[in-house]
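Undergrad: Residue numbers (the numbering used here), protein chains in the order written: chain A, 4 to 250; chain B, 4 to 250.
Number of protein chains: 2
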Amino acid sequence: MHFTAQTSANGVLERDFTVGEVPGVLWSPAEGAGPAPLVLIGHGGGRDKKAPPVAGRAHLFVTRCGFHVAAIDAPGHAGRPRTAADEREVPVMQQAMATGEPVGPIVRRYNADIAERAVPEWLETLDALEELPEIGGPVGYFGLNMGTAIGVPLTAADPRIKAAVFGIFWHDDLVDTAKRITVPIEFVLQWDDQHIPRESGLALFDAFASAEKTLHANAGKHKEVPRFEADSAVRFFARHLGKAETV
Amino acid sequence: MHFTAQTSANGVLERDFTVGEVPGVLWSPAEGAGPAPLVLIGHGGGRDKKAPPVAGRAHLFVTRCGFHVAAIDAPGHAGRPRTAADEREVPVMQQAMATGEPVGPIVRRYNADIAERAVPEWLETLDALEELPEIGGPVGYFGLNMGTAIGVPLTAADPRIKAAVFGIFWHDDLVDTAKRITVPIEFVLQWDDQHIPRESGLALFDAFASAEKTLHANAGKHKEVPRFEADSAVRFFARHLGKAETV
């Protein structure tokens, strides 16, 4: 793990890093007070590790809970090398979005391909992050959209992840993996999603074997997740990662 | 409106009152700071206006938001006069619970009867409460179980109610009324409710015409609503009744 850049603002230390070929970013309390839990954030499709929804939530988790937060660029994203699948699938997906065709089959197929590549990268990144002395305690995962397509198999694969926020994704390819997950889950669904059938989102929530799981379904379309869900995720991780919310 | 008793503890002033024959209780900030919004709480079946889930939430709304909170005993409850319907239905319901028969048809029928009597009582109570100088601003309603059976027709009938928390009830008799409600709704559903079919709860949530509505579905049985839903209701009313949450 190599740190490549560092800035600090509003009580948050932001450090860019690489693990192998994978570029990442680690947000931490500017004034560390001993080892603290870590939340991993998986960004959405077509975005990158510092996209506003990622950076915004990271700042909340750091400033309100004192957690560390890490994000990495997904395979094929943000200038990373693209495979034949990336070259083939991205234009197909963009065309479907432009013409109003159903995007579900394409997004699911392509995101499953990305997840296969992304899970080992996350595992290596987590190994490296856990060697830092300032990181200690349980790990959480937050990711909607493609962040769920990657996060469900990651959470099933890594027992260090003790709580996760997922949502805004189809059930088809994830149900069998979700059935192996038992950690607390908060699941976000848009009630009027124009891409994901309501029943599909409900079926994915239903599949998790977790004794504690909560569905937050909000009126609105695919991209209209209300801002107050970010606050809810703060409280969810504060409950499950063992630090009290400070604000 | 007559105040009949008054106590104060932990920053909360508690005043018993009657409006006509209806006994009620009003919780208020012990140190008033000008007119503040009001939240009405409808208690569950077989309970009363000071049942622990009512009093507990009332204290949260008062101490964290500075709101006033009122509850009244439902018709046929807490020593109030019982009608022929009360005398007939309560033993039928208790027997169904004891023998494991489906309770839905009985609870729905009986709660619809109670709601017809309760709504005019709430309207009179709200008229009386609004004459108090310390009460001013929008009104909220909170009620699960029988509190929803009463609260849905009440909210549809009274435009003073600007936001409501409902849940844990069947859709059958409430859907048509819910379709007339447009204020923000938070709706609580138990994913593994042994009495209320999941589809029935989802259908009731779906019926509300509100542009802003959120479903909170939690793993667990009928009576296992998690305690953190009380905190969520605090934030919901803080967002919609115009006072910032103070803690």
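We treat Cβ as the ideally placed atom computed from N, Cα and C, and that holds for glycine.
Which residue marks the beginning of the beta strand (DSSP E) containing asparagine 221(B), and which one marks its end?
TA: 216-221
Undergrad: Against chain A, with Cβ distances strictly below 7 Å, would leucine 244(B) count as a contact?
TA: No, leucine 244(B) lies away from the interface with chain A (no Cβ there is under 7 Å from its Cβ).
Undergrad: Taking only beta carbons into account, state which residues of the region 215-241 of chain B come closer than 8 Å to chain A, listed in chain order.
TA: So the close ones are Glu215, Lys216, Thr217, Leu218, His219, Ala220, Asn221, Ala222, Pro229, Phe231, Asp234, Ser235, Arg238.
Undergrad: From Gly245(A), Phe172(A), Ile75(A), pick the residue whose C-alpha is nearest to that of proline 108(A); which is it?
TA: When each option's Cα is compared against that of proline 108(A), the closest is Phe172(A).
Undergrad: Pull the bridge partners of tyrosine 144(A) from the DSSP assignment, please.
TA: Leu43(A), Ala167(A)
Undergrad: Please go through the region 54-89 of chain A and give each complete alpha helix (DSSP H) segment of 4 or more residues, from N-terminal end onward.
TA: 55-68
Undergrad: Just the Cα atoms here: how many angstroms apart are methionine 4(B) and proline 123(B)?
TA: Those two C-alpha atoms are separated by around 15 Å.
Undergrad: Going by other Cβ atoms of all chains shown within 10 Å of its Cβ, with 16 needed for buried, is aspartate 209(A) buried or exposed?
TA: buried
Undergrad: From the beta carbon of valine 250(B), is the nearest beta carbon of chain A less than 7 Å away?
TA: Caution is warranted here: a pLDDT of 42 is assigned to valine 250(B), below 50, making its placement in the model unreliable, and the coordinate value is therefore given only provisionally. Output row for valine 250(B): interface = no.
Undergrad: Take proline 156(B) and list the residues in its own chain whose beta-carbon comes closer than 7 Å to its own, dropping the five residues that flank it on each side.
TA: Only Ala118, Val122, Thr180 meet the Cβ criterion.
Undergrad: Ignore the nearest five residues each way along the sequence and tell me which others in proline 26(A)'s own chain have a CB closer than 6 Å to its CB.
TA: Asp76
Undergrad: Going straight from the alpha carbon of alanine 166(B) to that of serine 203(B), what length do you get?
TA: Inter-residue distance for alanine 166(B) and serine 203(B) is about 22 Å (C-alpha atoms, whole angstroms).
Undergrad: Taking DSSP as the reference, what is the three-state secondary structure of glutamine 9(A)?
TA: Three-state DSSP puts glutamine 9(A) in a strand.
Undergrad: Is the region 79-92 of chain B touching the region 28-43 of chain B, taking contact as three or more C-beta pairs under 8 Å?
TA: no
Undergrad: Please check the pair glycine 59(A) and alanine 233(A), which I expect to be a contact at CB under 8 Å, by giving their CB distance rounded to whole angstroms.
TA: Between the beta-carbon of glycine 59(A) and that of alanine 233(A) there is about 7 Å, and that keeps the pair under the 8 Å contact cut.
Undergrad: Quick one: is glutamine 9(B) buried, meaning 16 or more other Cβ sit within 10 Å of its Cβ, or exposed?
TA: exposed
Undergrad: Assign threonine 102(B) to one of two classes, buried (16 or more other C-beta atoms within 10 Å of its C-beta) or exposed (fewer than that).
TA: exposed
Undergrad: Buried or exposed for lysine 216(B), please, with buried defined as at least 16 other CB atoms from any protein chain shown within 10 angstroms of its CB.
TA: A buried status is given to lysine 216(B), since no fewer than 16 other beta-carbon atoms sit within 10 Å of its beta-carbon.
Undergrad: Given this structure, state the Cα-to-Cα distance separating cysteine 68(B) from isoleucine 164(B), to the nearest angstrom.
TA: Between cysteine 68(B) and isoleucine 164(B), the C-alpha separation is close to 17 Å.
Undergrad: Check whether the Cβ atoms of leucine 177(A) and proline 40(A) sit closer than 7 Å, and answer yes or no.
TA: Against a cut-off of 7 Å, the Cβ pair of proline 40(A) and leucine 177(A) comes out as no contact.
Undergrad: What are the start and end residues of the beta strand (DSSP E) that includes phenylalanine 190(A)?
TA: 188-193
Undergrad: Which residues mark the beginning and the end of the alpha helix (DSSP H) in which arginine 230(A) is found?
TA: That residue, arginine 230(A), is in no alpha helix (DSSP H); it is neither H nor E in DSSP.
Undergrad: Tryptophan 30(A) bridges to which residues according to DSSP?
TA: DSSP lists Glu17(A), Val72(A) as partners of tryptophan 30(A).
Undergrad: If you draw a straight line from the alpha carbon of valine 15(A) to that of glycine 170(B), how long is it in whole angstroms?
TA: 40 Å
Undergrad: Can you tell me where the alpha helix (DSSP H) holding glutamate 124(A) begins and where it ends?
TA: 107-132
Undergrad: As a quick exercise: from Glu17(A), Trp30(A), Asn13(A), Thr7(A), pick the residue whose alpha carbon is nearest that of glutamate 24(A).
TA: Selected option, being the one with the closest Cα: Thr7(A).
Undergrad: Which bits of chain B does serine 213(A) rub up against, with CB to CB less than 8 Å?
TA: The contacting residues are Ala222.
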